[in-house]
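Participant: Going by this note's numbering, 105 is the number at position 105 of the sequence shown; the sequence numbering is gapless. Glycine included, each C-beta is placed from N, C-alpha and C at the ideal position.
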Amino acid sequence: MMFKNSTKLLVANFSLVWKLILYYIIVCGIVIGLLAPFFGTIASEFNSAGNLTEVGKVLTNFNVSINPFDFIVNFNQIVINFLEIFIGFWESNPGVAFYICFVLLYLFPFLIGLADLPVGQCLFGYMSSLTRYSFFGSYMRYFGRSVRFQLFKNLILLPINILIVICLIFTLRLSAIGGVLVYFMPFIVLAVLVGLVALKKTLFSGWMPAIVVYDCNMFKGFVKGFKAVSRRFLKVFSTAICIMLLAVAFNYLFGTFAFPIIIPVFVCMFYVFEMVMFYGSQGMRYYVDLDTILSPKKLEEKDSFCKLKNLI
Numbered sequence: 001m002m003f004k005n006s007t008k009l010l011v012a013n014f015s016l017v018w019k020l021i022l023y024y025i026i027v028c029g030i031v032i033g034l035l036a037p038f039f040g041t042i043a044s045e046f047n048s049a050g051n052l053t054e055v056g057k058v059l060t061n062f063n064v065s066i067n068p069f070d071f072i073v074n075f076n077q078i079v080i081n082f083l084e085i086f087i088g089f090w091e092s093n094p095g096v097a098f099y100i101c102f103v104l105l106y107l108f109p110f111l112i113g114l115a116d117l118p119v120g121q122c123l124f125g126y127m128s129s130l131t132r133y134s135f136f137g138s139y140m141r142y143f144g145r146s147v148r149f150q151l152f153k154n155l156i157l158l159p160i161n162i163l164i165v166i167c168l169i170f171t172l173r174l175s176a177i178g179g180v181l182v183y184f185m186p187f188i189v190l191a192v193l194v195g196l197v198a199l200k201k202t203l204f205s206g207w208m209p210a211i212v213v214y215d216c217n218m219f220k221g222f223v224k225g226f227k228a229v230s231r232r233f234l235k236v237f238s239t240a241i242c243i244m245l246l247a248v249a250f251n252y253l254f255g256t257f258a259f260p261i262i263i264p265v266f267v268c269m270f271y272v273f274e275m276v277m278f279y280g281s282q283g284m285r286y287y288v289d290l291d292t293i294l295s296p297k298k299l300e301e302k303d304s305f306c307k308l309k310n311l312i
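Here's what the structure looks like:
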């Protein structure tokens, strides 16, 4: 039900996808501009052994026609070479390496995340009263709060994202064992990727909606959002897994060159999913489309059995 309602709301608010694509293009332009002075240094270090060329070939050939077993083995070798070169680059150019890591690992997610609250406000208006809020107007209105929210949020998410990357790297290293395990590697890598990202999305899925719906600060929003998730954790987690699997399937089917459209679609899908989860968990009525209003059970109706159990 949560997945179906999220899909309906995504279709009803699909204009947000085009606005996100435009916003992401602007952010990518800013990041490229910040890194441009060091392109020569990066190319000379990382492309000395043809590493960037190999990465480009692997990524541009990623589609339904690729052999998944060969892809995992080749990608594992590229990751190993890339890490070795990066360690050497950090030792020879520590200042540049730190700057690049800061821009890519913190500043880029920070800029991308500034759209969180504006998108949430647009969805809140539609779901509450079929009101269409301007994305740009919401972006300017929430800009100060978005900056504070993302500065704090990314401090929390940065170590989690690094941990997910480390887990994926170690999972890829299993392909070096060879034998029968190679034939299971695509499924193992997929399970680790989908499971970890879905878990992260689940744990923080109530944060943004709580801030927007209750107009509270990020700390109160975190507490309210976590309580909302905890009421239906398994349902939220399973829905997040379904969305992740669908995203992987679409990217695999349409290939690398469709990423600029498919990724924003599923980013917006997660925004909608978070709002649907929060509304349902709080027992709040919301519009799915022009003709459909959902009325989830109130909190007191959900909690009545627990209270009765404690009394007994």
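1) Would you mind listing the alpha helix (DSSP H) stretches within the stretch 203-259 that are 4+ residues and don't spill past its ends, in chain order?
2) For residue 6, is the classification buried or exposed, using 16 other Cβ atoms within 10 angstroms of its Cβ as the cut-off for buried?
3) What residue range does the beta strand (DSSP E) around residue 293 cover?
4) Report yes or no: do the stretch 271-279 and the stretch 122-130 share at least 3 C-beta pairs separated by less than 8 Å?
5) Keeping to the same chain, check which residues put their C-beta closer than 8 Å to that of residue 340; ignore five residues upstream and five downstream.
6) Based on DSSP bridge pairs, tell me the residues matched to residue 400.
7) What residue range does the alpha helix (DSSP H) around residue 12 cover?
8) Buried or exposed: where does residue 119 fall if 16 or more other Cβ atoms within 10 Å of its Cβ makes it buried?
9) Considering only the beta carbon of each residue, do residue 67 and residue 113 sit closer than 8 Å?
10) Tell me whether residue 280 is buried or exposed, calling it buried when 16 or more other Cβ atoms sit within 10 Å of its Cβ.
11) If we count the other Cβ atoms within 10 Å of its Cβ and call it buried at 16 or more, is residue 172 buried or exposed?
12) Specify whether the stretch 257-269 and the stretch 18-25 touch according to this definition: at least 3 beta carbon pairs, one from each stretch, less than 8 Å apart.
13) Please work out which residues of its chain come closer than 7 Å, Cβ to Cβ, to residue 265, disregarding the five sequence neighbours upstream and downstream, and give them in chain order.
14) Hey, would you say residue 136 sits closer than 8 Å to residue 218, going by beta carbons?
15) Hey, how far is the Cα of residue 106 from the Cα of residue 4?
16) Spatial neighbours of residue 157 within its chain, please: C-beta separation below 8 Å, excluding the five flanking residues on both sides.
17) Taking the C-alpha atoms as reference points, what is the distance between residue 97 and residue 294?
18) Could you check how far apart the C-beta atoms of residue 313 and residue 166 are, in whole angstroms? I think they sit under 8 Å.
19) Drop a sphere of 10 angstroms on the beta-carbon of residue 239, count the other beta-carbons inside from all chains shown, and report buried for 16 or more, exposed for fewer.
20) Should residue 130 go down as buried or exposed, given a rule of 16 or more other Cβ atoms within 10 Å for buried?
21) With 16 as the cutoff for other CB atoms within 10 Å, does residue 289 come out buried or exposed?
22) Comparing C-alpha positions only, which one of 226, 116, 236 and 36 sits nearest to residue 143?
23) Residues in the same chain with beta-carbon distance under 8 Å from residue 174, minus the five sequence neighbours each way, listed in chain order, please.
24) For my contact list, residue 190 and residue 248 are in at a C-beta cut-off of 8 Å; report their separation, rounded to the angstrom.
25) Give me the Cβ distance between residue 42 and residue 111, rounded to the nearest whole Å; I'm assuming they're in contact under 8 Å.
26) Would you mind sorting residue 45 into buried or exposed? The rule is 16 or more other CB atoms within 10 Å of its CB.
27) Quick check on residue 10: buried or exposed, where buried means 16 or more other Cβ atoms within 10 Å of its Cβ?
28) What's the call for residue 220, buried or exposed, on a 16-neighbour Cβ count within 10 Å?
29) Over the uninterrupted alpha helix (DSSP H) stretch that includes residue 171, give me the two end residues.
30) Going by DSSP in three states, residue 303 sits in which element: helix, strand or coil?
31) Quick one: what does DSSP say residue 176 is sitting in, helix, strand or coil?
32) In angstroms with no decimal places, state the Cα-to-Cα distance between residue 196 and residue 90.
33) At the level of alpha carbons, what is the spacing between residue 36 and residue 163?
34) Let me know the secondary structure DSSP gives residue 310 once reduced to three states.
Facilitator: Answer, in terms of the structure:
1) Complete alpha helix (DSSP H) runs here, min 4: 207-214, 218-230 and 233-254.
2) Taking a 10 Å sphere around the C-beta of residue 6, we find 16 or more other C-beta atoms and assign the residue as buried.
3) 292-294
4) Short answer: they touch.
5) Here the chain has residues from 1 to 312 only, and residue 340 is not among them.
6) No answer is possible for residue 400: the residues shown for the chain start at 1 and end at 312.
7) 2-12
8) buried
9) no
10) buried
11) buried
12) yes
13) 17
14) Note that the C-beta distance between residue 136 and residue 218 is not below 8 Å.
15) 33 Å
16) Correct list, in chain order: 109, 200 and 204.
17) 51 Å
18) This structure leaves residue 313 out entirely; the chain is present only between 1 and 312.
19) buried
20) exposed
21) exposed
22) 116
23) 181, 185 and 188
24) 7 Å
25) Not confirmed; about 20 Å, so no contact.
26) buried
27) Here residue 10 is buried: its Cβ has 16 or more other Cβ atoms, across all protein chains shown, within 10 Å.
28) So residue 220 counts as exposed.
29) 143-173
30) Note that residue 303 scores 49 on pLDDT, short of 50, meaning its location in the model is unreliable; the coordinates nonetheless yield the value given after this. Helix at residue 303.
31) helix
32) 28 Å
33) 28 Å
34) Note that residue 310 scores 37 on pLDDT, short of 50, meaning its location in the model is unreliable and no value can be drawn from it.
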